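**Student:** Residues -18 to 444 in the numbering used here are what the sequence shown lists, from first letter to last. Virtual Cβ for every residue (Gly too), placed ideally from N, Cα, C. Since we're looking at a predicted model, the values are computed, not measured.
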Amino acid sequence: MLASSWLSTAAIAACPPDAVETRHEAALRDGALPYFACAGTVAVGNGGDAQGRIFYTAYLASDEAEQRPVAFVWNGGPGADSRLLHFSALGPVRIREGRTEANPDSPLAISDLVFVDPVGTGFSRADSEADAAAFYSTMADIAATTDFILSWLDANGRTGAPVFLVGESFGTWRAAGVAEALADLGHPVAGIALISGGIPLGDLPDRHLMRALSLPNRAATALAHGKLASELQGNVEQVLQEAERFARAVYAPALADPAALSPEDRTAVRARIAAFQGLSPDVVDPETLWVSPRTFRTELLGSGQMLDVFDMRVVGSADPTPSGKAVLRYYRERLRYAEGRYAGIEVEELPVGAGWQYDQAPITPESLARAMAGEGPPSPSQPWTLRAMEKMPHMRTFVAAGFYDSLNSCAANEATVAALPAAVADRFALHCYPGGHMMYDEPAVAVAFGRDIAAFLADGKQD
């Protein structure tokens, strides 16, 4: 059982003087856990002249603060605040259907948690409008987040604590990029958790294989909608396995060299590709044999019905973001944070995503076309993950994906890691969940997801 009485003020590092401090008790599966909440801002730069302040919500629950892990957590966008991972997955308090409740699956018993809102989101702001635009780029974002983490660790007396970086979607780029930046500054990182964003390793070494390995997700989706070809029916695990076998053995080679197929073979392969996706063969491009993510989501049900980009079981667009009113009430009343105005709740969202500069790699006509077809950002990442893991031989990487997500593929993650050097690949933990992009939205998955994240945070080592 966890502690059931409050820790004394002297038993835990209190919040910095400029943060609002409150005391609480988490109701976790293993018992009650006292903790402090700190809500405040930290001054940051963007690697250049621009200045701003990043808002954070920290949960601290230990009498051995220097040794206790601390996980910095954020979502993606770019331009998203940390509400999803904070109030739907990892924080000690969850918001569901506008109501605040205890989150028994929070990993707070294992690691302190710091939820981070990038500049231009939540209560975080640049010092001026001119400064704001300078923060809205991949490399400036990495620099600002690195600055924030080092400043927070120093202000809280945690410079020797094991550090974890947890990012979702585009936030996986931030996690991997910041890990390498910290390594270059001599500050080790125990691990990074990459949730629903793939593995940032630069441009894909085998795009044909990665495209082919989107097939299992689509087959599972077709099964969920009752559209999978009758001869391929089975339980979802069987469907995923069969689709992956076909993708590796037949589909990937066909995508790599469609001209090598005879007319008869092309017709047969095209029909099989369509069957695994619950589509008419006419939807499969006769020249390339490819079906873009957007085309699949548009054509599976037809009649103008489009599947949700984040969870293809859903028709239309679902908004999983926790209730703005409940979030604001939580900050103003429970955490007693009275400063600022929350972007997207109290004021309109700021143009972070619309003005984003993908300056980590060139945008080409081909990469832009892929982005327009639903295949990710308009230019690839840098190989931050590999470089960080090579620079920090003890750093580990946790990867999570849901098999109803149109943006990610469990099978592609496995293939990506299998192609890495063994010394790096052995430090990955891959997880696949029966959910979408935000797989933790489902109660049964939330339990497994929380358990897996906690195990990852508990097993960290540093250089």
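Would a C-beta distance cut-off of 8 Å place Asp98 and Phe104 closer than the cut-off?
**Tutor:** Yes, the Cβ-Cβ distance between Asp98 and Phe104 is below 8 Å.
**Student:** How far does the beta strand (DSSP E) with Ala381 in it reach, from first residue to last?
**Tutor:** From DSSP, the beta strand (DSSP E) with Ala381 extends over 377 to 383.
**Student:** In terms of residue numbering, what span does the beta strand (DSSP E) encompassing Asp38 cover?
**Tutor:** Rather than Asp, the amino acid found at residue 38 in this sequence is Thr. Taken as a continuous stretch (DSSP letters only), the beta strand (DSSP E) holding Thr38 covers 32 to 41.
**Student:** Out of curiosity, what's the CA-to-CA distance linking Pro374 and Leu175?
**Tutor:** Distance between the alpha carbons of Pro374 and Leu175: 18 Å.
**Student:** Decide if Gly12 is buried, meaning its Cβ has at least 16 other Cβ atoms within 10 Å, or exposed.
**Tutor:** Flag for Gly12 reads exposed.
**Student:** Quickly, what does DSSP pair His412 with across the bridge? List them, please.
**Tutor:** Per DSSP, Ala381.
**Student:** May I ask you to report which of helix, strand or coil DSSP gives Val54?
**Tutor:** Note: Val54 maps to strand in three-state DSSP.
**Student:** Exposed or buried, what is Thr345 when buried is set at 16 or more other beta-carbons lying within 10 Å of its beta-carbon?
**Tutor:** The residue is exposed, with fewer than 16 neighbouring Cβ atoms inside 10 Å.
**Student:** Ends of the alpha helix (DSSP H) at Asp98?
**Tutor:** Here Asp98 belongs to no alpha helix (DSSP H); instead the beta strand (DSSP E) covers 93 to 98.
**Student:** Answer with buried or exposed for Gln363, where buried requires no fewer than 16 other C-beta atoms within 10 angstroms of its C-beta.
**Tutor:** Label assigned to Gln363: buried.
**Student:** Below 8 Å on the Cβ atoms is my guess for Met293 versus Tyr385; work out the distance and round it to an integer in Å.
**Tutor:** About 5 Å separates the two Cβ atoms, so the contact holds.
**Student:** By the 10 Å Cβ neighbour count, where 16 or more other Cβ atoms means buried, how is Glu149 classified, buried or exposed?
**Tutor:** Label assigned to Glu149: buried.
**Student:** Quick one: what's got a C-beta closer than 6 Å to Phe151's C-beta in the same chain, skipping five residues either side?
**Tutor:** The residues are Gly57, Gly58, Pro59.
**Student:** Smallest Cα separation from Thr22: which of Phe145, Arg315, Ile130?
**Tutor:** Checked all of Phe145, Arg315, Ile130; the closest Cα to Thr22 is Ile130.
**Student:** Leaving out five residues on either side along the sequence, give the residues of the same chain with a beta carbon under 8 Å from the beta carbon of Pro301.
**Tutor:** So the qualifying residues of the chain are Leu65, Ser69, Phe291, Met419, Asp422.
**Student:** Once you ignore the five residues that flank Asp86 on each side, which residues in its own chain have a CB closer than 6 Å to its CB?
**Tutor:** For Asp86, where only same-chain residues beyond five positions count, the Cβ hits under 6 Å are Ala427, Val428, Gly431.
**Student:** Please report how far the alpha carbon of Ala24 lies from the alpha carbon of Val1, in whole angstroms.
**Tutor:** Spanning the two alpha carbons is a distance of roughly 16 Å.
**Student:** Determine whether the beta carbon atoms of Ala124 and Lys372 lie at a separation below 8 Å.
**Tutor:** Contact: no.
**Student:** Considering only their Cβ atoms, is the gap separating Leu166 from Ala156 smaller than 8 Å?
**Tutor:** For Ala156 and Leu166, no; Cβs fall outside 8 Å.
**Student:** For the alpha helix (DSSP H) containing His67, name the first residue and the last one.
**Tutor:** Neither: His67 is in no alpha helix (DSSP H) and is coded neither H nor E.
**Student:** Which whole-angstrom value describes the C-beta separation of Val220 and Leu209, a residue pair presumed to lie in contact below a C-beta threshold of 8 Å?
**Tutor:** Val220 to Leu209, Cβ: 7 Å. Contact.
**Student:** Taking 8 Å as the threshold (C-beta atoms), are Leu89 and Leu182 in contact?
**Tutor:** No, Cβ-Cβ distance for Leu182 and Leu89 is not below 8 Å.
**Student:** Give me, in chain order, the residues of the same chain whose beta-carbon lies closer than 8 Å to that of Met191; leave out the 5 immediate sequence neighbours on both sides.
**Tutor:** Hits under 8 Å: Leu185, Ser390, Ala393, Ala396, Thr397.
**Student:** When you compare the CB positions of Gly383 and Ser177, do they come within less than 8 Å of one another, or not?
**Tutor:** Closer than 8 Å, so yes.
**Student:** Could you pull out every residue in the same chain whose Cβ sits closer than 6 Å to the Cβ of Asp289, ignoring the five residues on either side in sequence?
**Tutor:** The residues are Val295, Ser298, Ala299.
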